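Okay, structure first, notes after.
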Amino acid sequence: MPDPFELLGLPRSWRLTVEEIRAAQRRCSIVSHPDRHTDLASRANALDESSRINAAASELLDPLSRGNAILQALAPTPRPVEPKQSPAFLMRMMELREAVDGAGQDPQARRAIAADVAAELRAIELETDEAMGALLSRPQVDTWRAAFDACHRLRAMRRAQDECAQ
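When you line the sequence shown up against our numbering, it's residues 198 to 363, in that order.
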């Protein structure tokens, strides 16, 4: 898929708002809407373009997908080996999973675990915001690796939050 930022005419940014993304989607959709075309060939092309615009907007609306788009666009060449999660973080994820399993259906225990996860998630979101900002301002191997690592920890912690909610 093409760069979703480029397709929507948006700056490559981690901090895009839903309003900015939706406004760009509307701007692009007005021009390429299939109803604006009369002949079949241009209508089919407009339909394809509309699909790409909607897919790009969906990708940017999800912060993790947006982060992945930034990571793909700014990946150094040659692409470095993707960093592995730290053993401490992997151990923490295992502890959380065991705590959720151990809590069973006890609502009070699950709420306590969910509160811990929410606090850790907020901290990782801040780290991801800083790492993405550093990558966007200084796209180099070290900033790319840090942003890659932060995005993957954010994804894992969001999964843990989802597990707590079940």
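For every residue, glycine included, the Cβ atom is placed at its ideal position computed from N, Cα and C.
Keep in mind that this is a model prediction, so the values were computed, not measured.
Contact belief for Ile267 with Arg209 at Cβ below 8 Å, rounded distance in angstroms: Translated into positions along the sequence shown, residue 267 becomes position 70. Translated into positions along the sequence shown, residue 209 becomes position 12. Between Ile267 and Arg209 the beta-carbon gap is near 6 Å, inside 8 Å, which marks them as a contact.
Start and end residues, alpha helix (DSSP H) containing Gly206: On the sequence shown, position 9 is the one that residue 206 refers to. Careful: Gly206 lies outside any alpha helix (DSSP H) and carries neither H nor E.
For Leu237, is the classification buried or exposed, using 16 other Cβ atoms within 10 angstroms of its Cβ as the cut-off for buried? Taking the sequence shown and counting its residues from 1, the one referred to as residue 237 is at position 40. Around the beta carbon of Leu237, fewer than 16 other beta carbons sit within 10 angstroms, so the residue counts as exposed.
Through-space distance from Met288 to Gly301, alpha-carbon basis: Working through the sequence shown from its first residue, we reach residue 301 at position 104. Working through the sequence shown from its first residue, we reach residue 288 at position 91. Between Gly301 and Met288, the C-alpha separation is close to 20 Å.
Using only alpha-carbon positions, find the residue among Ala347, Ala221, Arg294 and Leu332 that is nearest to Ala272. Indexing the sequence shown from 1 puts residue 272 at position 75. Of the listed residues, the one whose Cα sits closest to Ala272 is Leu332.
Give the straight-line distance between the Cα atoms of Leu205 and Gln222, rounded to the nearest whole angstrom. Position 8 of the sequence shown holds residue 205. Position 25 of the sequence shown holds residue 222. Inter-residue distance for Leu205 and Gln222 is about 6 Å (C-alpha atoms, whole angstroms).
Pair within 8 Å by beta-carbon distance, Leu318 and Gln363: As a working note, residue 318 is residue 121 in the sequence shown. As a working note, residue 363 is residue 166 in the sequence shown. For the pair Leu318 and Gln363, the CB atoms are not nearer than the 8 Å cut-off.
Using the C-alpha atoms, what's the distance from Asp326 back to Arg224? Walking along the sequence shown from the start, residue 224 turns up at place 27. Walking along the sequence shown from the start, residue 326 turns up at place 129. Rounded to the nearest angstrom, the two C-alpha atoms are 27 Å apart.
Going by the CB atoms, is the gap between Ala252 and Ile218 shorter than 8 Å? For the purposes of this step, residue 218 is taken as residue 21 along the sequence shown, with counting starting at 1. For the purposes of this step, residue 252 is taken as residue 55 along the sequence shown, with counting starting at 1. No, the pair does not count as a contact, with Cβ atoms beyond the cut-off.
Inter-residue CB distance, His349 and Gln282 (contact presumed, cutoff 8 Å): Residue 349 sits at position 152 when you count from the first residue of the sequence shown. Residue 282 sits at position 85 when you count from the first residue of the sequence shown. Confirmed, about 7 Å.
Report all residues from its chain with a CB closer than 6 Å to the CB of Glu360; omit the five preceding and five following residues, and keep chain order. Counting from 1 along the sequence shown, the entry for residue 360 is found at position 163. Contacts found: Val297.
Go ahead and label Glu295 buried or exposed: buried means 16 or more other beta carbons lie within 10 angstroms of its beta carbon, across all protein chains shown. As a working mapping, residue 295 is identified with position 98 in the sequence shown. With a 10 Å radius around the Cβ and a threshold of 16 neighbouring Cβ atoms, Glu295 comes out exposed.
Is the distance from the Cβ of Ile321 to the Cβ of Met291 below 8 Å? Indexing the sequence shown from 1 puts residue 321 at position 124. Indexing the sequence shown from 1 puts residue 291 at position 94. Against a cut-off of 8 Å, the Cβ pair of Met291 and Ile321 comes out as no contact.
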